[in-house]
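Have a look at the structure below before the remarks.
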Amino acid sequence: MLEGNVRNVNDQSLRRQVEKWLAPGSATPVHVTEFGRTRLGRRRYVRVETSSAGGVRELFFFRHDDGSWCVFPPTTAGLRPTQERPVAQVAAACSAQGPSVPAVT
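So the sequence shown is numbered by the working numbering: it starts at 85 and just counts up by one.
See the structure below:
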């Protein structure tokens, strides 16, 4: 069973995914133009670029929990932002207080 997982990860290595999606030739340079972590879930990603006579092509690749790289991000099921957005906090506080209407005298 472990052997099957290793084979799956090797088939979806970053190198293989770049070859599959961007199909660079052996003489065509490939450049990582950006890398980092996503805001939600802190997942790794890279942006890869290659150019040819047809123009520049680039794609984002995302690292999944099993070690594979894909052109789509991992699912966010079960992930929550680590901190609420300040606007959401203010909106929640305002709605809890009810409408504020000045008194007419």
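All C-beta atoms, glycine included, are put in the ideal place defined by N, C-alpha and C. Since this is a predicted model, take the numbers as computed values, not measurements.
Q.
Going by beta-carbon coordinates alone, are Val102 and Val132 separated by less than 7 Å?
A. yes
Q: Would you identify the three-state DSSP class for Leu143, choosing helix, strand or coil?
A: strand
Q. Going by alpha carbons, who is nearest to Arg128 out of Ser136, Gly139, Ser152 and Val140?
A. Ser152
Q) Going by alpha carbons, who is nearest to Thr117 out of Arg126, Thr134, Gly125 and Phe146? A) Thr134
**Q.** Cβ-based burial, Glu145 [other Cβ within 10 Å; buried from 16]
**A.** Just to set this straight, residue 145 is Phe in the shown sequence, not Glu. Its Cβ being crowded by 16 or more others within 10 Å, Phe145 is buried.
Q: Using a threshold of 7 Å, state whether the C-beta atoms of Arg147 and Leu106 are closer than that.
A: no
**Q.** Proximity to Gly109 [Cα-Cα], best of Ser136, Arg126 and Gln96
**A.** Ser136
Q: Quick one: residues in its chain with C-beta nearer than 6 Å to the C-beta of Pro157, no 5 flanking neighbours on either side, listed in chain order?
A: Phe146
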